[in-house]
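Residue numbers (my numbering), protein chains in the order written: chain A, 1 to 231; chain B, 1001 to 1489. Quick reminder that beta carbons are idealized off the backbone N, C-alpha and C, glycines included.
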Amino acid sequence: MITAHTLTKKYGAQTVLNIDHLEIPKGQSFGLVGNNGAGKTTLFSLLLDLIQPSTGHIINNGVQVDESEAWKPFTSAFIDESFLIGYLTPEEYFYFIGELRGRNKADVDALLEGYSDFFHGEILGQKKYLRDLSKGNQKKVGIVASFIGNPEVVILDEPFANLDPTTQIRLKGIIKELAAKENVTVLVSSHDLIHVTEVCERIVVLNKGEIVKDIHTSTETLKELEAFFGG
Amino acid sequence: MFNYFIGLQWKSFFRSASFKTEIWFKILMALGALYFILVFLSLGFGSYFIIEEAGLGDPLRVINRFMIYYLAFDLVFRYMLQKMPVTNIKPLLYLPFKKSQVVNYSLGKTVVSFFNLAHAFFFVPFSVVLLTKDYPLAQVVGWHLAMMALFYCNNFINIMVNNKDGVFYVLAALFIVAGASQYYQWFDITVYTQPIFDFFYDMPWTALIPWVALALLYVAAFTYFKKHMYLDGGLAQKQTEAKTENLEWLDRFGNLGTFLKNDIKLIKRNKRSRTAVITGFFFIFYGLLFFTSAIEVYDNAYWKIFAGIFVTGGFLFSFGQYVPSWDSSYYPLMMSQNIKYREYLTSKWYLVIIATVISTILASFYLYFGWEAYAAVLVGAIYNVGINSYLVLWGGAYVKTPIELTSNKKAFGDKQAFNAKTLLLTLPKLALPIAIYALGHLLIGPVAGYLFVAAFGLLGFVFKERVFRMIEGIYKKEKYKTLLAYKQK
């Protein structure tokens, strides 16, 4: 589904990302871990063509992302609050995304229905604009919005951060379901090793922009990761 | 302690992202400031002689007569533009500063703001002229000090009424009514206010009164601020109750409607964009300067085209010139969502066009000044729709200023909004139509001039596809730079 070729990103003399080859097959749930500055967000930004690669390129389902915009219809993402429109209510925001992805109101409402547990009654019908929601609730909105329109690739940067424990557990369920049922490729980055090993079939560790581990998740994985980051 | 504050201020000013602009722009800014200083100065020196020449009576009394309007304008101006001193207080709250120190510093900072100092450029020379004209020293000094205090009173009144839109609009309306009724000689407010200002001159010791008022206002502002210095009080972001709006009537425009819906909400729900629309609205009346022969220099056909462009293009200039920046806080979303650049641009284009058409209709009252006046407006509208609408979108690609929608900061003129390319693009917006008109006017006659400009505007329509393709290309090329710039708040 997604292939990166000789991908590097440099700022001046500093190389922040250097991936010779990375292939993510369709339907995989892919976890990205690494310390601050390891290049996780850089990789995701490159995937979304928000920054330009210094060398190499990324192919998403046959589309080279920095050449054509044809990846947009089947790819969705939530990276940070700059993916939210502050002056809209959550409903308006969902409908807006829905319209962009060819879903009418009824479709969006049906989808939102399935996330009422996740929203915990704090999102819909609150008479608040997105800019006035708490960070955690904003995140919930952004994550659910990225599921609208049956995307084939879903990219979530640090989805677990800022969420309360209940919501974290629910989100794990949602991501697992998404990856299992619908043949959707999910890319998740996280600082939480436990969550990411639970949710992802495959985990890639980035360190200073380079891939240092590429693990197929098993019962040993958590220990292996803890050993890597601890020592 | 104050040294810390001033040090922080210094750094925040010189390290702000927008400060690092091109050197020649700083020069331009300095020239602009110099221009205003010169205007105030020359008014300060000149108004005495102008009034004397016009034979309106004792210049000081004349100034006193209109002082109430001066003060009112100052207050309106401050309300719209002056920044509140609360910014950057938050990180200081839990540090070992006394609250009163923080408040004193924040309020003190407003005292040296340009909004206060600018008036000195008028009052100091005016008072000096008065003295040279043998007005008694004590009385002039008393008057001068009283005026100073009054403008500082405005400063603190503004701080306290800030964000109370209701109060503001009522006051503003009252003064507009007062101004209008004076013009039509129904009721003259100055009859009642002039004696107050004369008083300060006639009995200089009364200058103490405004100073006492000023002190009281300071104390009031101080206690008000101190009382509200909590995260959930005065420092909280104002939350308004949100209503979900569907605007379904726009659905018939398909994808375009999706964006238009968003833009309407953008304009309605954010302070900054509302200001842009209001500014655009006031441009409609800009033409009065030209068509009423109020200013002699403007009283010729060339300037009328200029007026026509501005009257109908207010929104186009105030909103249009910042086009991608309105979406700056969520630009990464727009760039990774299922959006075609073309649709995005087209929706903004339509918005500008609709606003221009509405302005043109609202400007129908120019018919009162004769068909030529309205012809200039119409022709200006056609040119705006046909040519300028492209030019603002084009220029927008180079304006990489992130806009903070909820505040009016930098609403009027931002450093980064001006760069070589945007400045160059102003030429065809304003100078070209005048040149085209001049061509027709000189070769054939005024009517031909109007027709030439209109024809030029219509020509723009014909090339819409081609122009959009070009603009789209520029936006794509600038995309990464724009994304990066919007990140730096």
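- The bridge partners DSSP lists for A/I194 come to none.
- The C-beta distance from B/N1158 to B/L1071 rounds to 12 Å, too long to meet the 8 Å contact threshold.
- Contact of A/R101 with chain B by beta-carbon distance below 9 Å involves Q1337 and N1338.
- Look at B/V1377 here: in three-state DSSP terms it is helix.
- Not one beta carbon of chain B lies nearer than 9 Å to the beta carbon of A/G56.
- Rounded to the nearest whole angstrom, the C-alpha separation of B/Y1450 and B/G1457 is 11 Å.
- Contact note: A/A77 reaches chain B through S1336, using a C-beta cutoff of 7 Å and chain order.
- Identification of residues in the region 79–92 of chain A having a C-beta nearer than 9 Å to some C-beta of chain B yields I79, D80, E81, S82, F83, L84, I85, G86, Y87, L88, T89, P90, E91 and E92, given in sequence order.
- B/F1168 sits in a helix when the DSSP states are folded into three classes.
- In the pairwise beta carbon analysis, the region 1472–1481 of chain B is classified as touching the region 1393–1406 of chain B: at least three pairs are separated by under 8 Å.
- In this structure, A/P53 lies away from A/T185, with their beta-carbon atoms at least 9 Å apart.
- The alpha carbon of B/N1262 has as its nearest neighbour, out of B/L1250, B/N1384 and B/F1285, the alpha carbon of B/L1250.
- Taking a contact to require three or more Cβ pairs closer than 8 Å, the region 1278–1293 of chain B and the region 1364–1372 of chain B qualify as touching.
- Within the region 20–47 of chain A, contact with chain B at the beta-carbon level (separation under 7 Å) is assigned to no residue.
- Taking the beta carbon of A/F96 as reference, the chain B residues within 8 Å of it are T1258, K1261 and N1262, listed in sequence order.
- With contacts defined by Cβ atoms closer than 9 Å, A/K176 and A/E198 form a contacting pair.
- At least one CB of chain A lies nearer than 9 Å to the CB of B/R1269.
- Going by C-alpha positions, A/F94 is about 9 Å away from A/S146.
- Within the same chain, Cβ atoms closer than 6 Å to the Cβ of A/T3 are found at E23 and I59, the five residues on either side in sequence being excluded.
- Contacts between B/K1400 and chain A, judged by CB atoms closer than 9 Å, are missing: the closest CB pair is about 15 Å apart.
- For the region 117–148 of chain A, the set of positions with a beta-carbon nearer than 7 Å to some beta-carbon of chain B reads K127, K128, Y129 and D132 in chain order.
- B/T1346 is not a Cβ neighbour of B/N1384, given a cutoff of 9 Å.
- Bridge partners of A/F30 according to DSSP: A/L187 and A/R202.
- In summary, B/Q1194 is buried, with 16 or more beta-carbon neighbours lying within 10 Å of its beta-carbon over all protein chains present.
- Per DSSP, the continuous beta strand (DSSP E) segment holding A/H216 begins and ends at E210 to H216.
- In this structure, the beta-carbon distance from A/K208 to A/A13 does not fall below 9 Å.
- In the three-state DSSP reduction, B/H1228 falls in the coil class, being neither helix nor strand.
- Closest in alpha carbon position to A/V205, among A/I194, A/L225 and A/S218, is A/L225.
- Taking 9 Å as the threshold, the shortest C-beta distance from A/P73 to chain B falls below it.
- Cβ contact annotation for A/K10 (same chain, cutoff 6 Å, sequence separation greater than five): S54, in chain order.
- Residue-level contact by beta carbon holds for A/Q52 and chain B, with a gap shorter than 9 Å.
- Going by beta carbons, B/L1060 and B/L1130 fall inside the 9 Å limit.
- Checking the DSSP bridge columns, you'll see A/Q64 partnered with A/I59.
- In the three-state scheme derived from DSSP, where H, G and I count as helix and E and B as strand, B/I1037 is classed as helix.
- Residue-level contact check: B/E1465 does not touch chain A, since none of the beta carbons of chain A fall below 9 Å from its beta carbon.
- Per DSSP, the beta bridge partners of A/E23 are A/T3.
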